[in-house]
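Contents: one structure, followed by commentary.
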Amino acid sequence: MKEALFYEKRGDGSVRCTLCPHYCKIDDGEFGICGVRQNRRGTLYAMSYEKAIATHIDPIEKKPLFHVYPGSKSFSIATVGCNFSCEFCQNHDISQATRDKKGNIPGQPVTASRVVAMAKNSGCKTIACTYTEPTIYYEYAFDIARGAYEQEVKTVFVSNGYINEEPLRQIAPFLIAANIDLKGWDEKFYQKIVGGSLKRVLGSLRLYKSLGIWLEVTTLVVPTLVDRPDSLREIARFIRDELGAETPWHITRFYPQYKYSEMEPTPLSVLREAREIGLAEGLRYVYNGNTPGDIGENTYCYSCGEMLIERYGFSIIANQLKGDACPKCSTKLDGVGIDKR
Numbered sequence: 028m029k030e031a032l033f034y035e036k037r038g039d040g041s042v043r044c045t046l047c048p049h050y051c052k053i054d055d056g057e058f059g060i061c062g063v064r065q066n067r068r069g070t071l072y073a074m075s076y077e078k079a080i081a082t083h084i085d086p087i088e089k090k091p092l093f094h095v096y097p098g099s100k101s102f103s104i105a106t107v108g109c110n111f112s113c114e115f116c117q118n119h120d121i122s123q124a125t126r127d128k129k130g131n132i133p134g135q136p137v138t139a140s141r142v143v144a145m146a147k148n149s150g151c152k153t154i155a156c157t158y159t160e161p162t163i164y165y166e167y168a169f170d171i172a173r174g175a176y177e178q179e180v181k182t183v184f185v186s187n188g189y190i191n192e193e194p195l196r197q198i199a200p201f202l203i204a205a206n207i208d209l210k211g212w213d214e215k216f217y218q219k220i221v222g223g224s225l226k227r228v229l230g231s232l233r234l235y236k237s238l239g240i241w242l243e244v245t246t247l248v249v250p251t252l253v254d255r256p257d258s259l260r261e262i263a264r265f266i267r268d269e270l271g272a273e274t275p276w277h278i279t280r281f282y283p284q285y286k287y288s289e290m291e292p293t294p295l296s297v298l299r300e301a302r303e304i305g306l307a308e309g310l311r312y313v314y315n316g317n318t319p320g321d322i323g324e325n326t327y328c329y330s331c332g333e334m335l336i337e338r339y340g341f342s343i344i345a346n347q348l349k350g351d352a353c354p355k356c357s358t359k360l361d362g363v364g365i366d367k368r
């Protein structure tokens with residue numbers, strides 16, 4: 028464990044966590060909503076610090092980050108816990124493992140410096156703080172990202188975007204990219220089903236953009252909840268107008284999980300319609316996810332329509348780029364580390 032970075036001490040022995048927009052007031056001995064930040068006699072501790080629940084080497088495409096060093100490996104790290112409580116969570120076994128707030132925080136001891144060393148020794152271009160929510164293991168993620176920066180290894184976040192401005196600004200110099208979930212376009216949905224605020228997430232997305240961090244956005248299309256064409260169109264317009272038309276949008280297929288285990292997977296027709304909506308609204312790159320073999324997995328030149336990168340699932344089948352540009356019309360592909368040479 029490690030003392031938390033963002034909190035305020037209160038006169039009655041409680042503390043107020045200022046890491047995320049929940050602003051949890053935590054009494055002595057208690058935990059915040061995330062289940063991993065505990066008040067011990069007036070001091071807030073990050074109890075999951077350097078306790079990894081998962082370490083894997085993944086293709087960067089799994090994050091999904093299709094425009095960050097395409098075809099490269101990413102060393103992925105996570106602890107348990109999350110500051111959301113999505114009823115359809117695809118990683119609920121680890122993200123919701125601390126919901127009882129009893130201090131049971133599973134994981135193996137892995138120091139931040141060890142994470143950086145393992146990533147570098149395995150030839151990974153990036154370290155991804157992923158699977159659960161990097162915001163709630165902020166101190167661990169920060170030490171990893173800063174150490175990686177010193178070793179010329181890049182760091183990316185896969186996040187729900189529920190973080191306050193000061194913590195994001197502090198870690199931003201060490202991040203090159205982030206994939207942020209935009210889970211829907213309804214404040215009531217965010218409050219009731221997700222356990223957060225849409226307004227706050229939109230604010231974080233704008234801040235990521237202003238800080239110069241490459242952004243990709245993911246929306247899990249949950250049937251009956253996040254599949255209305257008008258809502259998907261509003262998401263596409265927000266991305267275009269606030270984040271830029273060059274921002275990739277990943278529209279991913281829901282599979283039955285957690286409290287929605289009886290629900291059917293998203294129909295492919297709905298995903299394809301959503302992709303067409305995004306393209307019609309002027310987004311350059313719109314992808315269908317969790318649909319191996321679908322044309323929506325591929326990257327196309329937004330200028331001439333030439334296929335640039337062909338994918339099957341998380342694997343690249345063919346990369347037709349000439350350097351960082353379309354071989355047909357020479358239009359550059361937006362992203363980070365795109366150059367094929």
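Just so we're aligned: the sequence shown equals residues 28 to 368 in the working numbering.
Cβ atoms here follow ideal geometry from the backbone N, Cα and C, with glycine treated the same way.
Keep in mind the model is a prediction, meaning the values are calculated, not measured.
(request) Take F184 as the anchor and find which of I163, Q178 and N66 has the nearest alpha-carbon. (result) The residue labelled residue 184 in the question sits at position 157 within the sequence shown. Ranking I163, Q178 and N66 by Cα distance to F184 puts I163 first.
(request) Could you name the residues of the same chain whose beta carbon sits closer than 6 Å to that of G223, not counting the 5 residues immediately before and after it, in chain order? (result) For the purposes of this step, residue 223 is taken as residue 196 along the sequence shown, with counting starting at 1. So the list reads F111, Y189 and Y217, once near-sequence residues are dropped.
(request) Rounded to whole angstroms, what's the CA-CA distance from L306 to A73? Just pull it up for me. (result) Stepping through the sequence shown from its first residue, residue 306 is reached at position 279. Stepping through the sequence shown from its first residue, residue 73 is reached at position 46. Cα-Cα distance, rounded: 42 Å.
(request) Spell out a yes or no on whether the stretch 28 to 36 and the stretch 44 to 51 are touching, meaning 3 or more CB-CB pairs, one atom from each, closer than 8 Å. (result) yes
(message) Can you tell me whether I343 is helix, strand or coil according to DSSP?
(response) Start at 1 with the first residue of the sequence shown, and residue 343 comes out as number 316. Of the three classes helix, strand and coil, the one that applies to I343 here is strand, per DSSP.
(request) Please go through the same chain and pick out, in chain order, the residues whose beta-carbon is closer than 6 Å to the beta-carbon of R311, but skip the five residues on each side of it. (result) Numbered from its first residue, the sequence shown carries residue 311 at position 284. So the qualifying residues of the chain are A272, E273 and Y329.
(message) Just to confirm the assignment, what range does the alpha helix (DSSP H) spanning H119 have?
(response) The residue you call residue 119 lines up with position 92 of the sequence shown. Element bounds for H119: H119 to S122.
(request) Check whether the Cβ atoms of I336 and P161 lie closer than 8 Å to each other. (result) Locating residue 336 in the sequence shown gives position 309, where the first residue counts as 1. Locating residue 161 in the sequence shown gives position 134, where the first residue counts as 1. No, Cβ-Cβ distance for I336 and P161 is not below 8 Å.
(request) Go ahead and pull the three-state DSSP assignment for T162. (result) By one-based count along the sequence shown, residue 162 stands at place 135. DSSP places T162 in helix when its eight states are reduced to three.
(request) Determine the contact status of G362 and V180, defining contact as a CB-CB distance below 8 Å. (result) Position 335 of the sequence shown holds residue 362. Position 153 of the sequence shown holds residue 180. Their beta carbons are not under 8 Å apart, which means G362 does not touch V180 by this criterion.
(request) Could you pull out every residue in the same chain whose Cβ sits closer than 6 Å to the Cβ of A168, ignoring the five residues on either side in sequence? (result) Counting from one through the sequence shown, the residue named residue 168 turns up at place 141. So the qualifying residues of the chain are C156 and P161.
(message) Suppose the cutoff is 8 Å on Cβ atoms and the five residues either side in sequence are ignored; what does the same chain contact list for Y50 look like?
(response) For the purposes of this step, residue 50 is taken as the residue at position 23 of the sequence shown. The answer, listed in chain order, is R43 and C44.
(request) Report the residue ranges of all alpha helix (DSSP H) runs contained in full by the stretch 131 to 219; include only those spanning at least 4 residues, in chain order. (result) 139 to 148, 165 to 177 and 192 to 198
(message) Mapping the DSSP letters down to three states, classify I266 as helix, strand or coil.
(response) In the sequence shown, the residue the question calls residue 266 occupies position 239. I266: helix per DSSP, three-state reduction.
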